[in-house]
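Line by line, the protein sequences are chains H and Z. The numbering of the first sequence is our numbering, which starts it at 1 and goes up by one. The numbering of the second sequence is our numbering, which starts it at 1001 and goes up by one.
Protein chains: 2
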Amino acid sequence: MEADTAPAPSGTPTPPIRRAVVLLSGGLDSATVLAIAKREGFRVTALSFRYGQRHGDELAAAARVADAAGVADHRVVDLDLSAFGGSALTDAAIEVPQRDGQQPPDPGIPPTYVPARNTVFLSVALALAEATGARDLFIGVNAVDYSGYPDCRPAFVEAFERLANLATRAGVEASPTGGFRVHAPLIRLSKAEIIRRGTALGVDYGDTLSCYAPAASGRACGRCDACHLRAAGFREAGLTDPAASTP
Amino acid sequence: MEADTAPAPSGTPTPPIRRAVVLLSGGLDSATVLAIAKREGFRVTALSFRYGQRHGDELAAAARVADAAGVADHRVVDLDLSAFGGSALTDAAIEVPQRDGQQPPDPGIPPTYVPARNTVFLSVALALAEATGARDLFIGVNAVDYSGYPDCRPAFVEAFERLANLATRAGVEASPTGGFRVHAPLIRLSKAEIIRRGTALGVDYGDTLSCYAPAASGRACGRCDACHLRAAGFREAGLTDPAASTP
């Protein structure tokens, strides 16, 4: 038997390390994606942004989620998109829409849309991935129970993956098979399915924060689109949200 | 005659303002692109990055170029790509290749490649454009006299434009004609053609800096790929580089 085809003496050859960069906002979706990437065996670098969002509570949530998942490498990149304006999430002068659970959301793309945010975040994730030897990017976008954002659709994810393999040394050198893969494992799941999946993987949703406009205490407002989507998801999944405010 | 179809009383209707975001590094190429965008009638926002490059001299050059072109809105965004490593331009531990003019450059993509840099820069330009009402992005990439970077090719520019129109509210709302255009007016020009074009448009190349590794004085090294390409371009154009060091 040739040495290079024989198993290692222990009988279990060591699989190669597969590295991934996971975008981690600290919300329910990205916490679930992180658990999926870990379960798939990736060594994960988590990437969060201090981008001028209204509140720092989501970065605290991202740190809790990364810690609970045992992620050794969590990067927080400063990139101030609030200087550009144009979104209720980065500009205190634009109101985050609030409604009770009976009202439907307004049609169209809401004011919480941040111009080109997922494009910017994936681009920086791509730079980090190429520099650190990762070839897999994970993002928690969702095209079912979402807020109408254009950069949450399958066509966006596919276009970014195509760009990534044209734009980089690693992509060109792997051509024509393509070096980078952009994983969006939640893209066709309902919020309830996401919650069931994460719960089965051991995600503690008590660590996460989904709210667009939490109170000074860091508690979710219960009246923004993100809070309504989350509450409806837990209801449909037949589970209790451990982060829900108690009356 | 209806008031809304009549020309303005002066007889010359005011054309609508067309806004553009121009990526401005402070080098020869981006200074030329800025002059082209201005000549085409765009109201320009210039965008530069403090991305952890070895030296701040190129940002000083960008400020001079913007000022000379009469750009009222020049943004400098902080985004530290040097924390990721992987390039001679952001990591002092990786040497910038130096050679004399007789030696050819090493084949392949050189160590001055910065992982995914143009993808990141265009993404932030897209965010700024969407937030400020610009629909035109300008970038000074060049696929002829360049350093072998994958993110300087036409296929990259086309893939980014496609992504931009899937990723954004402005792109979706303009569908199917597409809202954003990515202009790369130098992409098929030689360095000499770029220099002739810019000279005809009044660019003072004495304001620009192309060098990858300038001396502490801010003077170009004369021995890196960027210096060699620039010197050869001026020679071929039959012009004197006003920024060239005098013996």
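Backbone N, C-alpha and C define an ideal beta-carbon position, used for all residues, glycine too.
Reduced DSSP category for residue i - H, G, I as helix; E, B as strand; rest coil
{"i": "H:F138", "result": "strand"}
{"i": "Z:R1075", "result": "strand"}
{"i": "H:A46", "result": "strand"}
{"i": "Z:H1183", "result": "strand"}
{"i": "H:L239", "result": "coil"}
{"i": "Z:V1144", "result": "coil"}
{"i": "Z:L1209", "result": "coil"}
{"i": "H:I19", "result": "One detail in the question is off: residue 19 of chain H reads as Arg in this sequence, not Ile. Looking at H:R19 - three-state DSSP - the assignment turns out to be strand."}
{"i": "H:I194", "result": "helix"}
{"i": "Z:I1036", "result": "helix"}
{"i": "Z:S1123", "result": "helix"}
{"i": "Z:L1081", "result": "helix"}
{"i": "H:T61", "result": "In the sequence as presented, Thr is not what sits at residue 61 of chain H; that position holds Ala. Correct three-state label for H:A61: helix."}
{"i": "H:H55", "result": "coil"}
{"i": "H:T132", "result": "helix"}
{"i": "Z:R1223", "result": "coil"}
{"i": "H:A93", "result": "coil"}
{"i": "H:G218", "result": "coil"}
{"i": "Z:H1228", "result": "helix"}
{"i": "Z:R1188", "result": "coil"}
{"i": "H:R169", "result": "helix"}
{"i": "Z:D1029", "result": "helix"}
{"i": "H:P154", "result": "helix"}
{"i": "H:R117", "result": "helix"}
{"i": "Z:D1067", "result": "helix"}
{"i": "H:A162", "result": "In the sequence as displayed, the identity of residue 162 of chain H is Arg instead of Ala. Correct three-state label for H:R162: helix."}
Residue i classed as buried or exposed, judged by whether at least 16 other C-beta atoms fall within 10 angstroms
{"i": "Z:D1067", "result": "exposed"}
{"i": "H:S25", "result": "buried"}
{"i": "Z:G1216", "result": "Inspection of the sequence shows that residue 1216 of chain Z is occupied by Ala rather than by Gly. With fewer than 16 other Cβ atoms within 10 Å, it is exposed."}
{"i": "H:R153", "result": "buried"}
{"i": "H:R50", "result": "exposed"}
{"i": "Z:S1175", "result": "exposed"}
{"i": "H:G70", "result": "exposed"}
{"i": "Z:Q1053", "result": "buried"}
{"i": "H:T208", "result": "buried"}
{"i": "Z:R1197", "result": "buried"}
{"i": "Z:G1238", "result": "exposed"}
{"i": "H:G61", "result": "According to the sequence displayed, residue 61 of chain H carries Ala and not Gly. That one is buried."}
{"i": "Z:G1041", "result": "exposed"}
From the options, residue whose alpha carbon lies closest to that of residue i
{"i": "H:P119", "options": "H:R135, H:A134, H:A159, H:T132", "result": "In the sequence as displayed, the identity of residue 119 of chain H is Thr instead of Pro. The shortest Cα separation from H:T119 among H:R135, H:A134, H:A159, H:T132 belongs to H:A159."}
{"i": "H:G179", "options": "H:P16, H:C224, H:E161, H:G206", "result": "H:E161"}
{"i": "Z:S1190", "options": "Z:A1231, Z:E1173, Z:V1114, Z:L1059", "result": "Z:A1231"}
{"i": "H:D29", "options": "H:P115, H:I194, H:A213", "result": "H:I194"}
{"i": "Z:L1047", "options": "Z:D1057, Z:P1110, Z:H1074", "result": "Z:H1074"}
{"i": "Z:R1235", "options": "Z:R1223, Z:A1192, Z:A1061", "result": "Z:A1192"}
{"i": "Z:P1105", "options": "Z:V1172, Z:H1228, Z:L1126", "result": "Z:H1228"}
{"i": "Z:D1078", "options": "Z:P1110, Z:G1056, Z:R1039", "result": "Z:G1056"}
{"i": "Z:I1017", "options": "Z:A1134, Z:S1123, Z:L1059", "result": "Z:A1134"}
{"i": "Z:Y1212", "options": "Z:E1058, Z:A1125, Z:F1042, Z:E1040", "result": "Z:E1058"}
{"i": "Z:A1088", "options": "Z:R1064, Z:Y1113, Z:G1041, Z:E1040", "result": "Z:Y1113"}
{"i": "H:A155", "options": "H:G171, H:V182, H:V172, H:E173", "result": "H:V182"}
{"i": "Z:V1124", "options": "Z:V1076, Z:E1095, Z:G1171", "result": "Z:V1076"}
{"i": "Z:G1171", "options": "Z:T1199, Z:D1136, Z:A1200", "result": "Z:D1136"}
{"i": "Z:C1224", "options": "Z:Q1103, Z:A1063, Z:A1200", "result": "Z:Q1103"}
Contacting residues, own chain, Cβ-Cβ under 6 Å from residue i (five flanking each side not counted)
{"i": "H:T14", "result": "none"}
{"i": "H:A184", "result": "I139, V141, V157"}
{"i": "Z:G1086", "result": "P1115"}
{"i": "Z:G1206", "result": "P1242, A1243"}
{"i": "Z:A1037", "result": "A1020, V1022, V1044, F1138"}
{"i": "H:V210", "result": "Looking at the sequence itself, residue 210 of chain H is Ser, so the reference to Val does not match. Once the five neighbours on either side are set aside, the close Cβ partners of H:S210 are G27, L28, A226, R230."}
{"i": "H:L126", "result": "A164"}
{"i": "H:I94", "result": "A88, P111"}
{"i": "H:L186", "result": "D29, G140, N142, I194"}
{"i": "Z:L1122", "result": "F1160"}
Own chain partners of residue i with C-beta closer than 7 Å, once the 5 adjacent residues on each side are dropped
{"i": "H:R188", "result": "A143, V144"}
{"i": "Z:V1203", "result": "A1031, T1032, A1035"}
{"i": "H:G148", "result": "G108, I109, P110"}
{"i": "Z:T1240", "result": "F1234"}
{"i": "Z:P1214", "result": "H1055, D1057, A1220, C1221"}
{"i": "H:V65", "result": "L24, G26, A31, L34, D207, T208"}
Proximal residues to residue i (C-beta, below 8 Å), its chain only, five neighbours per side dropped
{"i": "Z:R1169", "result": "E1130"}
{"i": "H:D151", "result": "A116, R117, N118, T119, V141"}
{"i": "H:T12", "result": "none"}
{"i": "Z:E1173", "result": "G1179"}
Quick one: any contact between the region 1069-1084 of chain Z and the region 1095-1104 of chain Z, if contact means 3 or more CB pairs under 8 Å?
-> no
Does the count of Cβ pairs from the region 164-174 of chain H and the region 120-140 of chain H closer than 8 Å reach three?
-> yes
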